[in-house]
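Numbering follows our numbering, with no gaps: position 150 of the sequence shown is 151. We put the CB at the ideal spot given by N, CA and C, even for glycine. Since the structure comes first, as structure tokens, the remarks are kept for the end.
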Amino acid sequence: MLALPVYNGKNLLGIDFEEWFHPQLIQKYLPKKNHELKIIYGIDKMLDWLRKNETFATFFMVGELLEKKPELLDKIIENGHEIAFHTMQHNRLDDNNFKEKFEKELDLFDKLTSGKSKGFRAPTFSLNKNTSWAIDHLIEKKYLYDSSIVPAKTKLYGFNDADVAPYNISSDFLMGDNKSSLIEFPLLITKVFGKKIPAGGGFFLRFLPLKIIDSAIKSYQKLHIPATFYIHSWELTPELMPSLPLSISDKFITYHNLRNALPKMTKLIKKYQFTSFERYL
Ligand SMILES: [Zn+2]
């Protein structure tokens with residue numbers, strides 16, 4: 002059984018590696034078929050960015066992209082980074098019939114990566130009480146960690162009562178189970194006007210003033226808790242992201258301040274130390 006990691010002053014950086022057509026809120030606006038790959042061609046830019054900032058990251062990969070471009074894996078691994086699983090096609094865990102598919106997907110991803118994946122992140126943080134069966138599959142496949150819990154309730158996901166520090170997670174007890182071998186890395190949150198809100202990436206990284214995120218990291222440091230961040234591949238390469246005609250609210254959440262994510266994250270990785278998940282473990 003894997004013991005909980007000892008805090009080493011570092012924070013965690015995950016890159017959710019997906020294409021422009023994967024985010025949940027744009028699904029209903031997508032052209033029928035023929036989704037041309039665009040974001041994957043930003044891989045060298047992402048790797049250069051990490052190299053320049055002397056930071057290792059974990060790439061939570063949508064598996065179908067490795068099927069189409071297996072060389073992505075070599076580039077990621079050769080540069081010292083890690084690979085982890087983000088489902089084959091960016092399905093929510095509660096999508097129809099996905100429960101039956103998940104185990105096969107884990108096997109397929111295992112083949113595509115020669116068994117290198119030891120971590121998982123559920124698309125749109127869709128790990129919840131109804132989809133906790135996924136945890137049993139991850140344990141069965143000898144996965145070491147998951148990073149799908151946001152300890153703040155939002156419209157799309159999250160739990161207000163989840164621990165903010167890494168903990169052992171099981172399908173019976175999403176909020177902590179000492180007997181489980183799977184380690185959960187919850188995403189960074191903060192409190193604004195007494196309300197818990199996510200602060201570790203995506204829309205919240207783009208929306209919140211950097212000062213608020215900075216003080217969230219500092220408060221975790223004081224408590225000896227690593228701050229777990231995620232950034233999307235398409236946030237690192239906004240110039241490759243097509244702009245679809247979305248409704249105002251979907252557009253706000255998906256594209257708001259899109260060009261701010263990279264400069265903000267750059268400031269954070271220059272100021273604080275970040276590393277990949279397996280290295281942290
Ligand atoms: Zn995703």
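Query: Proximity below 7 Å, CB of Asp137 to CB of Glu185; Result: no
Query: Burial state of Pro210 (16 or more Cβ within 10 Å); Result: exposed
Query: DSSP state of Leu14 mapped onto helix, strand, coil; Result: strand
Query: Cβ pair Met47, Glu65 closer than 7 Å; Result: no
Query: Straight-line gap, Gly81 to Phe253 (C-alpha atoms, nearest Å); Result: 35 Å
Query: For Phe61, the first and last residue of its enclosing alpha helix (DSSP H); Result: Per DSSP, Phe61 belongs to no alpha helix (DSSP H); it is in the beta strand (DSSP E), Thr59 to Met62.
Query: Span separating the alpha-carbon of Pro71 from that of Phe194; Result: 46 Å
Query: Cβ neighbours of Phe126 in the same chain (closer than 8 Å, five flanking residues each side left out); Result: Ser149, Ile150, Val151, Leu157, Tyr158, Gly159 and Leu188
Query: Continuous alpha helix (DSSP H) stretch holding Phe103: start and end; Result: Phe99 to Leu113
Query: Selection from Leu237, Ala166 and Leu128 that minimises the alpha carbon distance to Tyr221; Result: Ala166
Query: Distance, Glu20 Cα to Ile214 Cα; Result: 26 Å
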